[in-house]
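Numbering (this note's numbering), first residue to last: 30 to 219.
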């Protein structure tokens, strides 16, 4: 089998399209991340040597922005300390990298307040809450679980699904505890 090398910056993804590349080791993934511009429309998900590049549709933006506004309003109303890290790249070296649509630090806001750029979750805590809209990525859930994101909200097909990773009776999820009195399904009639 022969292969062809194509510079990553020469690949153009149209809105709503995605591309999966297998057999990408961690050093190559790091090279790709370095070659990508800081402010771009595409999102990445990397898990166990599989890289997915996604270019969201414009309708993709509204649900996660609304969810983000609701989260910030609820956190402010409750007087919570929080940080919005948007679509920052989070990575667990050698295993996974992910760029959420938006994400928040709540319980760990103080710990990451001065962080800039990509966040290595072996050194800093992962976001307490990540929010995604119109998910088509096959590696997304595994990537979030591997970087130890406690809570993930996925809005798709007019419904909100909430995933809890690493939650136990002695270590309950943080974000949902802040919002137990709210019925989220009624807040997302998009």
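Each residue gets a CB set at the ideal place from its N, CA and C atoms; glycine is no exception. Just so you know, these numbers come straight off a predicted model, no measurement behind them.
*What are the residues that DSSP puts in a beta bridge with residue 50?*
80, per the DSSP bridge assignment.
*Kindly indicate which three-state DSSP category residue 109 falls into: helix, strand or coil?*
coil
*Rounded to whole angstroms, how far is the Cβ of residue 84 from the Cβ of residue 107, which I believe are closer than 8 Å?*
In fact, because the Cβ distance is near 36 Å, the residues do not count as touching under 8 Å.
*Residue range of the alpha helix (DSSP H) that includes residue 181*: Counting along the chain, residue 181 falls outside any alpha helix (DSSP H), though it belongs to the beta strand (DSSP E) covering 180-185.
*asked:* Which residues does DSSP list as the beta-bridge partners of residue 114?
replied: Beta-bridge pairing links residue 114 to no other residue.
*Taking the alpha-carbon positions, what's the residue 91 to residue 44 distance?*
15 Å
_Proximity below 8 Å, CB of residue 58 to CB of residue 76_ = With respect to residue 76, residue 58 sits apart: the two C-beta atoms are not nearer than 8 Å.
*Considering only residues of the same chain and omitting the five flanking positions on each side of residue 116, which have a CB-CB separation below 7 Å?*
72, 128, 129, 130 and 131
*asked:* With H, G and I counted as helix, E and B as strand and the rest as coil, what does DSSP make of residue 219?
replied: Summary for residue 219: the model assigns pLDDT 48, below 50, so the residue's position carries little reliability, and this model does not support an answer.
*For residue 135, count neighbouring Cβ atoms within 10 angstroms of its own Cβ and tell me buried if that reaches 16, exposed if not.*
buried
*Going by CA-CA distance only, name the one from 160, 144 and 177 that's closest to residue 89.*
160
*Leaving out five residues on either side along the sequence, give the residues of the same chain with a beta carbon under 6 Å from the beta carbon of residue 140.*
154
*Could you check which residue in 81, 162, 101 and 94 has the C-alpha nearest to that of residue 125?*
81
*Would you list the residues sitting across from residue 221 in a DSSP beta bridge?*
Given that the chain is displayed from residue 30 to residue 219, the structure contains no residue 221 and the question cannot be resolved.
*From the DSSP output, in three-state form, read off residue 171 for me.*
helix
*Would you kindly report the start and end of the unbroken beta strand (DSSP E) that includes residue 63?*
Per DSSP, residue 63 belongs to no beta strand (DSSP E); it is in the alpha helix (DSSP H), 55-64.
*So residue 138 is in the alpha helix (DSSP H); what residue range does that whole segment cover?*
If you look at residue 138, you'll find it in the alpha helix (DSSP H) that goes 138-141.
*Report the rounded CA-to-CA distance for residue 122 versus residue 188, giving the unit in angstroms.*
33 Å
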